[in-house]
Structure formats: structure tokens, C-alpha cells
Amino acid sequence: MNTPAPRAARVTPISGFPEYLPAERIVEQYFLDVIRETFELHGYPSIETRAVEPVDRLLGKGGDADKEVYGVTRLAADEDEDAGEVEFGLHFDLTVPFARYVLENAGRLSFPFRRYQIQKVWRGERPQEGRYREFTQADIDVVDVGELSSHYEAEIPLVMAEIFAKLPIGRMTIQVNNRKIPEGFYRGIGIDDITGTLRIVDKLDKVGPEKVQGMLEEAGCTSEQAEQCLALAAIRTDDLGFVEQVRALGVEHPTLDEGLEALSRVIRTGMENAPGALVADLKIARGLDYYTGTVYETQLEGYESWGSFCSGGRYDALASDGRTTYPGVGISIGVSRLLGLLLGKGLLTASRSTPACVLVAVNDEEGRPESTRIATALRSRGVPCEVAPKPAKFGKQIRYAERRGIPYVWFPGAGEDGGDQVKDIRSGEQVDARPDVWQPPAEDLRPQILRREG
RNA sequence: GUGGGUGUAGCUCAGCUGGUAGAGCGCUGCGUUGUGGUCGCAGAUGUCGCGGGUUCAAGUCCCGUCACUCACCCCA
């Protein structure tokens, strides 16, 4: 250890790659626990896919994905190899890897196949608040062979509604639409460019109805057609009332009928099983082309400007090997984005920065074995604890606990009869206790996730 | 990718028209010879992001560069 210490390289954060402090991580882990438990409560098994996919598969979905894909190369790769060719890239969502996984394992999976997947994903875009280059997503999807029953489109948002109800966050609203509604509606009024029109209407929240009207007319719509599109997009109901409102616009098309029926099933299921969680919102489009039926977007009440924390939809061709097509429906929570907001705004904190509920004090180094035995006894009954690092003055040991938010300090042999005592350092109350029977109040056993109104 | 802002102690920041590096919080010790939080006293901590230039002299002015950050685009 006598190397002359080289000047330490300055450490700097890397933009878009967030790292939490222990107290924040406790909040994140709580969220992940709730998400996982709820997914499993609904019978979803878990898979994990590798972090990399072949670049051509990542780019295969088309669009402008290429800019956001991180390539993975070996630093020692031959320099005379074609440096421009990167074989592997980090996945930028969990849907593309899942589709590949389904194809690869089709012979060994039972269909309809459902799974959940909670993993990091990477996107090489400019980060800003709530948008990162490395972040965690939690997905559920159901995929079948050839045909996928539509009831899954109604069941999948119930899982997310249950998660949002359990988490100590505000009110989450899952907004649902069915692409067949605008598609049939547009065709019914003589618009042919369905996706182009959807893309424009999708900007409604950002630019407002006047601009959308103008953009639609620029794209070739008559002003009557544009007005009709805006009238459809304005419909939003938390019950089946949207059907009547669409009918009142007087447009007829078989695809429109299909869409209204499908969305009605979703909303009805929501009303029965997760009252208040779902709302039919006919302006929800989702920019991505591959959604074909139901689409979901989720907003946190009071933070609508933060956009969607949880979205997804139905794909009629999630995966295809050329002979067989696998339709699917899925929905995904942006865990990092949600936490980034809630922690960043100080709306959530953990009651302590460690799982330890008890600090077992050490009287002197000769007493450490006794303290360790006490800790072992507490742990054997599920009480998280740690032993003090040094036999410092008790004031120091108490302060060690206080700094970390550990609520109890255990004093070996402090009782009048030579037995132990445990002190609640918040109240100062100190009582006789035995390590083989003492139990903290249930709310102290684990760190609490505290919500601050803000 | 385009445009703005900011880089000084562990953190938040001050530092004027260039003249020897500061505060608060936090941290350590003591008051308090084994039960914290309050209070008082004492103390430690800096490649002033990096490189170059101007100058007798640069945290300060100029050029470059890097990083972080905000907005646009797009998404979770």
C-alpha cells in the first residue's frame, strides 16, 4: 500500500444514467416489489432477456430507432475490420427482445403465453428531467398464435390499475382508445391517410385544437373533415357514454363499429373491476405504427405535463417467422420516469436509509460476541439489524443509528437485572427486552415509504 | 442533432472595475470520563472543470475544450 497515491481522477456523473442514494433505492425497491408481486398475483411468470440484440433486429421495426440504439463492441476488436459495422446493440425497449424470444422459443412455450419482464433499457437520446439514457421498464404482455382473444385487452390494464392503487402515489388514470375507432371514423368521412391523420391528432395535447385543425387542412382535409376529427378526439368519458357521443357525430363505418364494441368491453371490465381507473379517451393515438387495436396511456393527476408513465397496446403482428404470426397485447410502466418525478419533486421519501430496524450496541470489544449473538437471535425472527461498528460512547452509537434513521438501539446488559434493554430513539423510551421474544411494531420492521403532499 | 445556462470545500453557493480562497450546512474533536438530538468553543477539507493566451499578477479577461443542465425533437 505504499504506492504514491496518484491524483484521484475526478469523478463525474454521466448524464442520463441516474444512480440513487440508499434511501431513494429503498423507495425504488418498494415499487419494484409491488409491481412484481402484482404481476405474479395475476399469474404472469417472469423472464429476463439478454441486454443485447443484433442491431438489424433492433432496427427492424423501422422508424428512427437507429439514432437511439447504443452499439456494443469489443475495445480490442481488430481495427482493420470494418469499424462501421456494429453487430450488437443494447435493447431500447422490452418488446423487441420479447418478440425475438417468442420466435426463438415458440416450440417450448405454451400459448397463449404471458410473461412479465422488469429490466433496464437504454436509449441514446439527450436526457432531461424524467428522461434517461438508462432506465427501468416493467412490462407485461400476452401473446398467442394466429389469433389473440380480445378479452386480454380488457384484462391487462387491470393489472396496472391494481399496481397504481397500491403505490403511495396520486391518482393514475389509464386512458384507453381503440385505433379502429379513429380509423373507421376517418374512412367514414372520406379520409384515406389514416396514420398521417393520427399523427397529427396525436399532437393535440401539445399544440392545441386550432393548430391541429390547420395541420389537418394542410394535409389535405376539408375544414369539415378536420372539425369532425377534432370532435371525435374531444370525446372522453369514464363510462360507456362515449358510444352515444360518437354515434351523435353521424359517421358510419364497420371498422368504427368494431372499435366501439372493443373499447366498450375494455371500459366495462374496468368499471366492474377497477372503478375509476380507466377512462375512454378518443384522442389517444400512440405514435407507433404497429399498434392495431386497443392503445393505453397513463397520466398522474396533477402532473399531466409529464406525459405517460405507462403505455402500450395491441399488436396484431408482435412477432412473425414468415409462416406464423403472433399477435400480442402489452403494457409497460416507466419505473424510472415515475420515480424520477416523485423523488425529484420530493414527494416520496423513505423513513430511513437502511433496512436495519435495530442497532445492537457494543459495550466494549470483549462484548462484541454477545452483541453478535443478540443480532443473530433478532435476525432469526426476521428483525433486520446490525451491530455497532465500534464500542464508542453510547451517545455516539445512538447517533450512528439516528443518522441512518434506525429507530431502535439495543443495549446488552443494561437492565437492572443484567438483562438487555432496547431504546426507541425517537421517543427516548427504553425498556427491558429479550432478543428471543422482542418484536418491533409492524410499521417499524421495514422502512416506510412516506408521501409528502406537494 | 440545434439553441441557451452553469462548472469554486462532501452539499448549496458568494467572490465587484484582475491584487495571496470565503460563508452556511455537513464532518471531526472538546465542553459532557459511557445514552444522541439543543447550545458553545476549536479544527480539517480546494488541481477555482481542463488546456492555452493576455498580464508584473487570472477564480475573475480572451480563445478552445470537456462535463453537467434546461429547451426543441422524440419517447417511458
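For the first sequence, the residue numbers in full-length UniProt numbering are 1 to 454.
Backbone N, C-alpha and C fix where the C-beta goes; we use that ideal spot for every residue, glycine too.
As the structure is a prediction and not an experimental result, all values here were calculated from the model.
If you compare alpha carbons, which of the options is closest to residue i?
i, options, result
"E416", "G293, L249, E365, A433", "A433"
"L342", "Y303, T372, H42", "Y303"
"V383", "G395, G367, W410", "W410"
"L232", "G250, D193, I163, A388", "G250"
"Q117", "D33, R236, C221", "D33"
"P407", "L94, S353, A377, V102", "S353"
"E297", "L256, D202, A248", "D202"
"G221", "G196, K206, L58, T38", "Per the sequence shown, the amino acid found at residue 221 is Cys instead of Gly. The candidate whose alpha carbon is nearest that of C221 is G196."
"A277", "G405, D239, A248", "D239"
"V176", "G170, M160, R187", "M160"
Compute the Euclidean distance between the alpha carbons of residue i and residue j, then round it to the nearest angstrom.
i, j, result
"T173", "M271", "13 Å"
"R131", "G334", "10 Å"
"K308", "A401", "Before going further, note that residue 308 is Ser rather than Lys in the sequence given. Going by the C-alpha atoms only, they are around 39 Å apart."
"Y290", "G60", "12 Å"
"L21", "E129", "18 Å"
"T95", "V422", "51 Å"
"L148", "P327", "6 Å"
"K283", "I235", "7 Å"
"P209", "E104", "45 Å"
"T269", "G241", "15 Å"
"R265", "Y44", "22 Å"
"I163", "I398", "37 Å"
"E85", "D141", "32 Å"
"V55", "F88", "5 Å"
"V121", "P182", "32 Å"
"R133", "P275", "35 Å"
"R179", "A219", "20 Å"
Which partner residues does residue i have in the DSSP bridge list?
i, result
"L348", "R451"
"W410", "V360, V422"
"Q430", "K423"
"F113", "V143"
"E134", "W122"
"V176", "A280, Y296"
"F88", "P54, V72"
"Y315", "G328"
According to DSSP, is residue i part of a helix, a strand, or is it coil?
i, result
"F98", "helix"
"G107", "helix"
"D141", "strand"
"P306", "The sequence as given places Trp at residue 306; Pro does not occur at that position. Helix."
"E386", "strand"
"G62", "Unreliable positioning characterises G62 in this predicted model, as indicated by a pLDDT of 48, which lies under 50. The coordinate reading is nonetheless provided below. In the structure shown, G62 sits in coil (DSSP, three-state: anything other than H, G, I, E or B)."
"D239", "coil"
"I26", "helix"
"S15", "coil"
"G196", "helix"
"I189", "coil"
"S371", "helix"
"G170", "coil"
"Q213", "helix"
"Q128", "strand"
Alpha helix (DSSP H) runs wholly inside the segment 246-286, at least 4 long, in chain order: 254-273
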